[in-house]
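Going letter by letter, the sequence shown gives residues 5 to 318 in my numbering.
Beta carbons: idealized from backbone N, C-alpha and C, even for Gly.
No experiment lies behind these values; they were computed from the predicted model shown.
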Amino acid sequence: MSFEPVVLFFLLGVAAGLARSDLKIPSSIYDALSIFLLLAIGLKGGVKLAEHADAGMVVDGGLIVLAGALIPLIAFPILRWLGRMNRADSASIAAHYGSVSVVTFSVGVTFLAQEAQTYEGYMIVFLVLLEMPALMIGVLLARHGQGSVKWGKLLHEVFFGKSIFLLAGGLLIGYLAGPVGIQPLDKLFFDLFKGVLALFLLEMGLVAAGRVADLRAHGPFLIGFAVVMPLISGFLGTLVGWSLDLTLGGTLLLATLYASASYIAAPAAMRIAVPEANPGLSIGAALGVTFPFNLFVGIPVYYWMAQTMYRIGA
5 MSFEPVVLFF LLGVAAGLAR SDLKIPSSIY DALSIFLLLA IGLKGGVKLA
55 EHADAGMVVD GGLIVLAGAL IPLIAFPILR WLGRMNRADS ASIAAHYGSV
105 SVVTFSVGVT FLAQEAQTYE GYMIVFLVLL EMPALMIGVL LARHGQGSVK
155 WGKLLHEVFF GKSIFLLAGG LLIGYLAGPV GIQPLDKLFF DLFKGVLALF
205 LLEMGLVAAG RVADLRAHGP FLIGFAVVMP LISGFLGTLV GWSLDLTLGG
255 TLLLATLYAS ASYIAAPAAM RIAVPEANPG LSIGAALGVT FPFNLFVGIP
305 VYYWMAQTMY RIGA
């Protein structure tokens, strides 16, 4: 039996954090790793987009974004009424779960490589686009009947925050360079991708171990939500991918995107727009529970969902 090594690096980080080891990755190295991953994913997506872009992709993209916008609208009433959480925390957590995780997407790509499955290269476009509507909906849910929002500052944070800016920039560079022009850089950004992801996941394990305590305030409910909500969203992504006739790999990645929860862009945006929300709850659920759940259980389950859907529809 073999294990995906990048996921084992995450486990190593969790073990170090729980054991209170003095292991620590300097913040400057963490920043460099995250910049590398964001650019590499954007570049690869841009190259694939240059190869496969067409008008049909625009229509598919609109449907994918609209369906993705349902996720925070599903999550909010569950948190507000079943979990009896206040409006600000419910909206903030819903925005995190409607948004997406670039690292979870990266692990999904690695999983597909291990399964020898291809996918639509333009899926990276949806990684960028799906961030935005969820954050806007989260703010509207939080502010409903409670006054104005500083939209200018919020929009600047969403569009020019590090994650979106680097992903979009890498996407544009990859698209303009194309598969031939990018060749001088492919050994750096593509060949080293998995090794850099392993180091990044080591740090994510350390951070996740430190966030588990934040979940104690709402106990079993929030932990249950952080497991069940990705399954609901993943099924929605599988259904949308199948209905749009994506490849099996593309459907798995869409399900993974829908099921993932943001812990980079969403916390920054919610800090500005909904400062009264407790970031420990949203980050604790997204990073402490949903992220490892997706790594070890979720992605294989979404792959099984996609395989089953395509067998039934054949």
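C-beta atoms of residue i and residue j nearer than 8 Å
i      : j      : result
Ser266 : Ser103 : yes
Ala230 : Val293 : yes
Gly253 : Leu67  : no
Pro271 : Pro283 : yes
Ala92  : Pro76  : no
Val301 : Val143 : no
Phe109 : Thr260 : yes
Phe193 : Leu47  : yes
Unbroken alpha helix (DSSP H) run spanning residue i, endpoints
i      : result
Lys198 : 197-215
Gly228 : 223-247
Ile177 : 166-185
Gln118 : 106-118
Tyr314 : 303-317
Residue i classed as buried or exposed, judged by whether at least 16 other C-beta atoms fall within 10 angstroms
i      : result
Lys154 : exposed
Trp85  : exposed
Trp308 : exposed
Glu207 : buried
Glu124 : buried
Gly174 : buried
Met5   : Only weak support is given to the placement of Met5: the predicted model assigns it a pLDDT of 39, under 50, and the value that follows is read from those uncertain coordinates. Per the 10 Å Cβ criterion, exposed.
Ile303 : buried
Residue i in three-state terms, based on DSSP
i      : result
Ala281 : coil
Ile268 : coil
Leu261 : helix
Gly72  : helix
Ala273 : helix
Thr294 : helix
Leu144 : helix
Ala3   : Within the shown structure, residues of the chain are numbered from 5 to 318, placing residue 3 beyond reach of any answer.
Ser98  : The residue you asked about is not Ser; residue 98 is Ala in the sequence shown. Ala98 falls in the helix class under three-state DSSP.
Lys157 : helix
Gly21  : helix
Ser286 : helix
Interface flag, residue i vs chain B, CB-CB below 8 Å
i      : result
His160 : Of the chains in the structure shown, none is chain B; there is only one protein chain.
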